[in-house]
Amino acid sequence: MADNLVFYKETEFKDTEIGKIPKEWEIVKLGNIISLEYGKGLPQSDRLEGDIPVVGSNGIVGFHNMALTKGPGIVIGRKGTIGAVSWIDKDYWPIDTTYYVKTKRSDIFLRWLFYVLLLIDLTKLHLADVVPGLKRELVYSQKLPLPPFSEQQQIASILSTIDEAIQKTDEVIAKTERLKKGMMQELLTKGIGHKEFKDTEIGKIPKEWEIVRFQEICEKLKSGGTPSTKKPQYYNGDILFVKIEDITNARKYLYSTSTTITKEGLNNSTAWLIPKNSLLLAIYGSLGSVAINRIEVSTNQAILGIVLKRERAETEFFYYLFSNLNLKKFAKQTTQANLTADIIRKLYVPLPPLPEQQQIASILLAVDNKLELLRKERTKLETLKKGFMDELLTGKIRMGVRS
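Number 442 marks the last residue of the sequence shown (the working numbering); no jumps.
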């Protein structure tokens, strides 16, 4: 992309059946510029070791030693994740739940077309159809504005640059998450600077650490309850009501919930008010998911509220400890694996001295803070990309060379 390329707002438009577009652009039907070819089945048992991507309806699903078609290319979900659009940089094998794109005209830049297909959002096209799947005729009927080839290249270059930044950010996030996982394993079992260790019920731990039943360091450990949904007066109050999805969405700290209840709803159920900076632990569904509530909350019966004895236990430390534990192995196997309050109470846990708990939590919190900054940066890049797609692919914003 040229260094002297500048952006400017387009002022000269023409009216078309899809709205205003720059006067020198044309309107085309997708069916006039591309064909959608059927992928070919390739069962796992037939795949041989290699580095050729095998592409399903939502991206790469494996690898093989030979390609069905040349890359780079665009793959569209025909069944399964219907309408999902994937870009493949090299030769590849699209399987039979997909279409792969071939262009009919030499003035179509494939990478630009990829972004156009993302903007069109093909996932919506099948919704009115009785038979699940994406019909080619529906895709072919879509009309879009077509800029000159050179501008297609410029648009694709800008959006690809943002995509590269997103990919690099994803790589740093993945690397940092691996680092955090290793640090948690090390710090939560070996502590900081210890030389002597002892064998215990839960494995080797530093000699200075204790092993206790979890209930010994809890002020209160109790599940919640759901007020009757038949009583409207129990809902839309001032008390936050935590469900499993709120914990999984929180990532670590919980500040808000999708549902609230009233004082009357609280009093007429087994829900209780959990003080801020307590642990919230899922015991059904996404069991083992854990969060720290930054505000007073109540919960449903699928979540334990855990108030620790502050003089012995640091909430942040036990957040990381539970995040690192495989609690599923302690679950009762019924129709689905569930934990109980009693199982959690009787768990043996390591108990370092309180200052060491705080030091371990502080180290891991620093890594979490770095991850949060990286995720925010990724969100900014995604927002930037969406904005550029909306403006550049419709011609509202154009590019030119500075004279």
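Built from N, CA and C at the ideal position, the CB exists for glycine as well.
For Thr145, the three-state DSSP class (helix, strand or coil)
Within the sequence shown, numbered from 1, the residue matching residue 145 stands at position 106. Before going further, note that residue 145 is Ser rather than Thr in the sequence given. Annotated three-state conformation of Ser145 is coil, per DSSP.
Which residue marks the beginning of the alpha helix (DSSP H) containing Tyr294, and which one marks its end?
Indexing the sequence shown from 1 puts residue 294 at position 255. Here Tyr294 belongs to no alpha helix (DSSP H), and DSSP marks it neither H nor E.
How should Arg144 be labelled, buried or exposed, when 16 other C-beta atoms within 10 angstroms of its C-beta is the threshold for buried?
Here residue 144 is taken as the residue at index 105 of the sequence shown, counted from 1. Exposed is the call here.
Going by DSSP in three states, Thr215 sits in which element: helix, strand or coil?
Taking the sequence shown and counting its residues from 1, one reaches residue 215 at position 176. Here DSSP, grouped into helix, strand and coil, assigns Thr215 to helix.
Distance, Phe357 Cα to His233 Cα
In the sequence shown, residue 233 corresponds to position 194, counting from 1. In the sequence shown, residue 357 corresponds to position 318, counting from 1. The alpha-carbon atoms of His233 and Phe357 are separated by roughly 20 angstroms.
Just to confirm my understanding: we take Ser442, look at its own chain, exclude 5 residues before and 5 after, and list those with CB closer than 6 angstroms. What are they?
The count along the sequence shown starts at 1 and reaches residue 442 at position 403. The predicted position of Ser442 is uncertain, since its pLDDT is 48 and thus under 50; no value can be drawn from it.
Tell me whether Arg349 sits in a helix, a strand or coil according to DSSP, three-state version.
Translated into positions along the sequence shown, residue 349 becomes position 310. Three-state DSSP puts Arg349 in coil, outside helix and strand.
Compare the Cα-Cα distances from Ile231 to each of Asn339, Pro394, Met428 and Ile197 and report the closest residue.
Along the sequence shown, one-based indexing puts residue 231 at 192. If we check each option's Cα against that of Ile231, Pro394 comes out closest.
Measuring only the C-alpha atoms, how far is Ile72 from Ile147?
Here residue 72 refers to the residue found at position 33 of the sequence shown. Here residue 147 refers to the residue found at position 108 of the sequence shown. Taking the straight line joining both Cα atoms gives about 8 angstroms.
Can you give the Cα-Cα distance for Lys237 and Phe253, rounded to whole angstroms?
Working through the sequence shown from its first residue, we reach residue 237 at position 198. Working through the sequence shown from its first residue, we reach residue 253 at position 214. Going from the Cα of Lys237 to the Cα of Phe253 covers about 20 angstroms.
Mapping DSSP to helix, strand and coil, what is Arg175?
Within the sequence shown, numbered from 1, the residue matching residue 175 stands at position 136. If DSSP states are grouped into helix, strand and coil, Arg175 belongs with the helices.
Identify every run of the alpha helix (DSSP H) within the stretch 241-316, keeping only runs that are complete inside it and at least 4 residues long; order them along the chain.
Correct list: 283-289 and 302-306.
Span separating the alpha-carbon of Asp407 from that of Leu157
Start at 1 with the first residue of the sequence shown, and residue 407 comes out as number 368. Start at 1 with the first residue of the sequence shown, and residue 157 comes out as number 118. Take the alpha-carbon of Asp407 and the one of Leu157: they are about 32 angstroms apart.
Outcome for Gly447 when other beta-carbon atoms lying within 10 angstroms are tallied against a minimum of 16:
In the structure displayed, the chain extends from 40 to 442; residue 447 sits before or after that span and is not available.
In its own chain, which residues sit with a C-beta less than 8 angstroms from the C-beta of Ser328, not counting the 5 before and 5 after it?
Looking up residue 328 in the sequence shown gives position 289. Around Ser328: Ile283, Ile286, Thr287, Leu320 and Ala321.
Coil, strand or helix - Leu44 by DSSP
The residue given as residue 44 occupies position 5 in the sequence shown. DSSP places Leu44 in strand when its eight states are reduced to three.
Does any heavy atom of the ligand SAH sit closer than 7 angstroms to the C-beta of Gly439?
For the ligand SAH, the structure offers nothing, since it holds no ligand at all.
Whether Pro184 touches Ile57 by CB criterion (8 angstroms):
Against the sequence shown, residue 184 aligns to sequence position 145. Against the sequence shown, residue 57 aligns to sequence position 18. Yes; because the gap between Cβ atoms is below 8 angstroms, this pair is in contact.
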